[in-house]
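*Asks:* Protein chains in written order, with full-length UniProt numbering: chain A, 1 to 358; chain B, 1 to 358.
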DNA sequence: ACCAGATGTGACACCGGTATCATAAATAAA
DNA sequence: TTTATTTATGATACCGGTGTCACATCTGGT
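1. Would you say residue 280 (chain B) lies against chain A (beta-carbon separation less than 8 Å)?
2. In whole angstroms, what separates the C-alpha of residue 276 (chain A) from that of residue 181 (chain A)?
3. When you compare the CB positions of residue 78 (chain B) and residue 101 (chain B), do they come within less than 8 Å of one another, or not?
4. Cα separation between residue 153 (chain B) and residue 197 (chain A)?
5. Quick one: complete alpha helix (DSSP H) runs, 4+ long, within the region 254-310 of chain B?
6. Quick test of the definition: if touching needs 3 or more C-beta pairs under 8 Å, does the region 277-286 of chain B touch the region 246-266 of chain B?
7. Does the beta carbon of residue 292 (chain B) come closer than 8 Å to any beta carbon on chain A?
8. Would a check of beta-carbon distances place residue 4 (chain A) closer than 8 Å to chain B?
9. Which residues in the same chain as residue 58 (chain B) place their Cβ atom closer than 7 Å to its Cβ, once the five residues preceding and following it in sequence are excluded?
10. For residue 1 (chain B), count neighbouring Cβ atoms within 10 angstroms of its own Cβ and tell me buried if that reaches 16, exposed if not.
11. Tell whether a beta-carbon distance below 8 Å holds between residue 321 (chain A) and residue 263 (chain A).
12. With residue 236 (chain A) and residue 201 (chain A) assumed to form a contact (beta carbons below 8 Å), what rounded beta-carbon distance in angstroms separates them?
13. Within the chosen definition, does the region 324-331 of chain A reach the region 329-339 of chain B through at least 3 CB pairs nearer than 8 Å?
14. Checking contacts by CB at 8 Å: is residue 157 (chain B) closer than that to chain A?
15. Going by other Cβ atoms of all chains shown within 10 Å of its Cβ, with 16 needed for buried, is residue 350 (chain A) buried or exposed?
16. Report the residues of the region 119-133 of chain B with a CB closer than 7 Å to any CB of chain A, ordered along the chain.
17. Quick check: is the beta carbon of residue 285 (chain B) nearer than 8 Å to any beta carbon in chain A?
18. In the structure shown, what three-state DSSP assignment does residue 217 (chain A) receive?
19. Give, in chain order, every residue of the region 237-262 of chain A whose Cβ lies closer than 7 Å to some Cβ of chain B.
20. Would you list, in sequence order, the uninterrupted alpha helix (DSSP H) runs of no fewer than 4 residues that lie entirely inside the region 5-38 of chain A?
21. Tell me whether the beta-carbon of residue 261 (chain A) lies closer than 8 Å to the beta-carbon of residue 355 (chain A).
22. Under 8 Å between C-beta atoms, does residue 13 (chain A) make it to chain B?
23. Can you tell me the Cα-Cα spacing of residue 306 (chain A) and residue 302 (chain B), whole angstroms?
24. Report the residue from A:296, A:139, A:148 whose alpha carbon sits nearest the alpha carbon of residue 158 (chain A).
25. Taking C-beta to C-beta, are residue 129 (chain B) and residue 90 (chain B) nearer than 8 Å?
26. For residue 210 (chain B) and residue 147 (chain B), what's the separation of their Cα atoms in angstroms?
27. So, is residue 108 (chain B) buried or exposed, given that buried needs 16 or more other C-beta atoms within 10 angstroms?
28. Leaving out five residues on either side along the sequence, give the residues of the same chain with a beta carbon under 7 Å from the beta carbon of residue 188 (chain A).
29. Starting from the N-terminal side, write out each stretch of the beta strand (DSSP E) that is 3 residues or longer and does not extend beyond the region 63-122 of chain B.
30. So what does DSSP say about residue 338 (chain A), is it helix, strand or coil?
31. Between which two residues does the alpha helix (DSSP H) containing residue 170 (chain B) stretch?
32. Name, going along the chain, the residues of the region 76-94 of chain B whose beta-carbon falls closer than 9 Å to a beta-carbon of chain A.
33. Where residue 50 (chain A) and residue 269 (chain A) are concerned, what is the direct C-alpha to C-alpha distance, given to the nearest angstrom?
34. Give me, in chain order, the residues of the same chain whose beta-carbon lies closer than 6 Å to that of residue 216 (chain B); leave out the 5 immediate sequence neighbours on both sides.
35. If we ignore side chains and look at the alpha-carbon of each, how far apart do residue 123 (chain A) and residue 30 (chain B) end up?
36. By how many angstroms is the C-alpha of residue 11 (chain A) removed from the C-alpha of residue 151 (chain A)?
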């Protein structure tokens with residue numbers, strides 16, 4: 001906490017009131033836009049406020065009304081275009097409803113997420129929009145809800161949490177991606193994510209805290225099952241957090257047997273890293289390897305070939321999430337709603353026929 | 001069924017105090033971490049607070065102390081990686097100092113910027129970090145400063161504003177870019193920006209509100225002058241706000257005579273649009289046209305050839321800006337400082353020798 | 001044992017608004 | 001004209017913390 005400024009006491013309603021020769025109550029009514037006031041009083045007060053340069057103190061207002069015009073947002077990483085676009089959707093919608101937005105990063109770590117939620121609750125935000133980093137640790141969100149602060153989860157979801165959720169249809173899109181790949185002859189597909197884990201590999205979807213990723217993996221298993229392909233084991237590569245680590249993953253992928261013929265990138269950052277690692281190693285897309293990335297980032301249309309993507313309209317995610325939250329703030333107490341937003345596959349140029357296995 | 005209608009009277013220090021059998025004042029001292037308290041009292045209060053699940057109200061705290069733990073940030077567009085990276089730098093630094101961050105978008109429009117600044121001041125933010133959209137309209141920032149709220153400008157700067165500034169060294173980097181291009185034989189270079197203007201073309205740097213862009217143009221003029229090249233007229237193309245508009249600009253550029261042989265993109269979004277428009281039209285980089293983009297976005301290393309860029313380390317911009325602001329909040333009243341951060345040219349693959357003019 | 005200084009504690013005013021209520025003035029109804 | 005209603009206004013108690021101050025209690029020095 002830091003000293004706010006010089007002790008220069010800002011103007012208050014009382015100052016305006018005395019300048020306008022009315023009581024504090026009357027000035028407050030005029031300036032706050034509530035209650036009654038005669039035309040003469042109104043004019044006098046507004047004139048005085050204008051002349052003195054009065055600016056209301058929203059802190060004080062929030063204090064006495066009990067409602068704050070703030071909503072809190074906790075995302076994994078604003079730096080990621082996925083989230084910054086969603087945040088833009090949230091901000092635009094919130095602002096239109098007269099709400100301000102405080103944004104925090106969890107860095108996809110549960111301890112930071114807890115901390116940020118706690119800070120936001122202390123700021124008495126009216127509601128929260130959170131992309132929970134671990135679907136198995138939601139107690140902080142639950143207690144927010146029980147203490148009366150509505151929560152909307154973004155991109156992620158849990159049946160345990162009585163909150164609205166706005167998500168992509170991850171299971172369905174995963175299935176359609178895998179079916180599309182299977183149609184092109186791919187039988188061994190790996191999923192690469194920046195999620196961290198000890199071993200660098202994951203087999204069971206239960207081990208995945210981010211629900212969106214878990215659902216995709218479940219989708220793959222379902223699609224494999226349907227196609228009569230033995231469920232792939234340890235098909236998830238984790239820790240693709242930078243170019244170096246992603247390079248090592250690509251090396252492992254290329255050494256795998258039976259040969260992996262297609263890669264799925266969990267988000268556009270991972271997608272870009274994979275693309276760079278593959279092209280650096282002389283792997284040609286899509287001849288030697290197919291690639292599909294989640295999120296239609298800007299860069300996916302400057303490569304040649306252009307990247308095939310699962311298009312997640314996250315601005316819309318943000319809009320919808322803010323809209324749900326605003327409904328709740330207006331008193332809607334109906335059952336929590338899970339809003340599934342379609343995320344269609346846009347097959348540009350990086351899905352080709354599977355190379356023949358040896 | 002959850003009863004949402006319960007009046008959510010949150011816990012207060014008074015509640016904790018009575019549960020711990022001490023006075024409100026003592027409980028407040030313990031919980032607020034100020035003043036004196038005996039070990040027994042402290043333990044009783046903390047135990048009671050823990051048991052009841054007390055959470056302090058930062059609004060009330062800010063109200064009575066006069067200091068708020070919030071800083072306001074106004075950027076052109078969080079969606080733009082340039083700013084989202086800077087915002088991350090700001091957030092990380094601010095958080096480490098116990099400050100929270102409210103982020104707003106101005107959409108590079110002065111009316112919105114004014115509105116956002118006003119909203120933030122009403123929230124009684126302790127300080128502001130702003131990327132002012134028009135160096136000629138700064139009255140709202142000036143009045144913030146005179147009313148005691150310190151301001152740091154980000155990426156932009158004006159001699160009229162008594163505020164710290166953290167900027168790239170736009171003039172110098174523009175000169176070095178142009179000299180580099182001149183060394184490769186380029187004499188006719190166009191600058192393309194998403195800034196909007198009526199005519200679509202600009203000649204005079206005075207017409208440019210965004211100081212960073214103005215300084216670059218001044219740098220070009222200086223570099224041209226130095227090289228004995230007649231100062232280019234109307235070398236700035238505006239309104240490159242989307243792919244369609246950028247395509248039209250590229251058409252105009254290609255029709256220009258004498259032939260324009262190099263393009264400069266004002267930011268990475270414009271850069272991506274130019275790249276797409278050029279490759280769509282079959283223009284080969286760098287054989288037919290050279291391209292340099294400001295900001296080293298992720299996508300600049302997935303194209304072939306990779307894009308030559310002016311590297312603006314905006315995370316650092318954000319960090320430095322937050323650090324300056326925190327110093328001010330701690331009471332530093334020395335002269336405003338303008339911090340210039342080097343933005344070196346990274347010449348990857350899109351600068352080639354100028355094609356011979358006909 | 002006695003007083004100085006340090007330590008602990010509670011009562012209460014304050015921050016800048018909002019909201020309630022009683023009263024005063026203006027208007028309508030009887 | 002009198003009473004009932006509406007409209008306008010000011011006094012004042014909040015909201016949930018902080019911070020001042022007076023008083024009480026506990027040291028310790030001589």
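Don't be surprised by glycine CBs; every beta carbon is placed ideally from N, CA and C. In this text, all values refer to a predicted model and were calculated from it rather than measured experimentally.
*Replies:* So, to answer that:
1. no
2. 22 Å
3. no
4. 40 Å
5. 268-280
6. yes
7. no
8. Low local confidence applies: a pLDDT of 37 at residue 4 (chain A) is under 50, so the model's placement there is unreliable, with the coordinate-based value given in what follows. Closer than 8 Å to some Cβ of chain B, the Cβ of residue 4 (chain A) qualifies, so yes.
9. 69
10. In this prediction, residue 1 (chain B) scores a pLDDT of 33, lower than 50, which makes its location untrustworthy; the coordinate-derived value is nonetheless stated afterwards. Exposed.
11. no
12. 7 Å
13. no
14. no
15. buried
16. 119, 121, 122, 123, 124, 126
17. no
18. helix
19. none
20. 13-20, 24-32
21. yes
22. no
23. 10 Å
24. A:139
25. yes
26. 25 Å
27. buried
28. 232, 258, 259, 260, 261
29. 70-75, 100-105
30. strand
31. 170-183
32. 77, 78, 79, 80, 81, 83, 84, 85, 87, 88, 91, 92
33. 50 Å
34. 170, 174
35. 20 Å
36. 36 Å
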